[in-house]
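Report on the following structure.
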Amino acid sequence: MFCLSLLEHTFRLPAELVALPLPQSIRGELEKLFLDKVIPNLGLCISVYDIRSIEGGLIWPGEGSPTYKVTFRLVMFRPFMGEILVGNVKRLDKDGLQGKEVRKEGREG
1 MFCLSLLEHT
11 FRLPAELVAL
21 PLPQSIRGEL
31 EKLFLDKVIP
41 NLGLCISVYD
51 IRSIEGGLIW
61 PGEGSPTYKV
71 TFRLVMFRPF
81 MGEILVGNVK
91 RLDKDGLQGK
101 EVRKEGREG
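Residue numbers (full-length UniProt numbering): 1 to 109.
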């Protein structure tokens with residue numbers, strides 16, 4: 001149901017975040033990019049688990065922000081085929097379904 005996925009991403013850190021501690025500002029940017037989004041073949045991103053490495057910090061000509069290559073792990077929600085989730089519906093609207101007291105049933109696959 002939940003798994004860790006290792007990813008690598010290169011992005012520019014906005015200049016206003018340079019004053020913050022680097023891991024804190026990078027984690028915030030990663031959360032903006034990936035949190036609550038579905039990544040094809042990986043699942044729904046629940047959380048940034050950890051940051052494995054941060055490389056770079058170069059400022060390219062014509063840009064005012066440093067560019068970093070970051071290796072990190074995300075907690076992903078990826079139910080397997082045949083997995084059954086049981087719970088109560090808390091809310092249902094055009095944006096989707098929100099459940100409460102959800103538990104899984106079925107066999108591991």
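For glycine and all other residues, C-beta sits at the position ideal for the given N, C-alpha and C.
With 16 as the cutoff for other CB atoms within 10 Å, does residue i come out buried or exposed?
i     : result
Val89 : exposed
Glu16 : exposed
Cys3  : exposed
Glu55 : exposed
Glu29 : buried
In angstroms, rounded to a whole number, what distance separates the CA positions of residue i and residue j?
i           : j      : result
Ala19       : Arg103 : 42 Å
Glu83       : Gly43  : 14 Å
Val38       : Ser53  : 23 Å
Leu6        : Leu74  : 7 Å
Cys45       : Pro14  : 23 Å
Leu92       : Met1   : 22 Å
Trp60       : Tyr68  : 11 Å
Gly109      : Gly96  : A caution first: Gly109 carries a pLDDT of 46, below 50, which makes its placement in the model unreliable, though a value can still be read off. Spanning the two alpha carbons is a distance of roughly 26 Å.
residue 116 : Ser47  : Residue 116 lies beyond the stretch modelled for the chain, which goes from 1 to 109, so this question has no answer here.
On a Cα-Cα basis, can you pick out the residue from the options that is closest to residue i?
i     : options                    : result
Val86 : Arg78, Gly99, Lys94, Asp95 : Gly99
Phe77 : Thr10, Ile26, Val70, Leu35 : Leu35
Ser25 : Val70, Pro40, Pro61, Gly62 : Val70
Phe80 : Asp50, Trp60, Asn41, Phe72 : Asn41
By Cβ distance below 8 Å, which residues in the same chain neighbour residue i in space, the five residues on each side in sequence not counted?
i     : result
Pro66 : Arg12, Leu13, Val18, Gly56, Gly57, Leu58, Ile59
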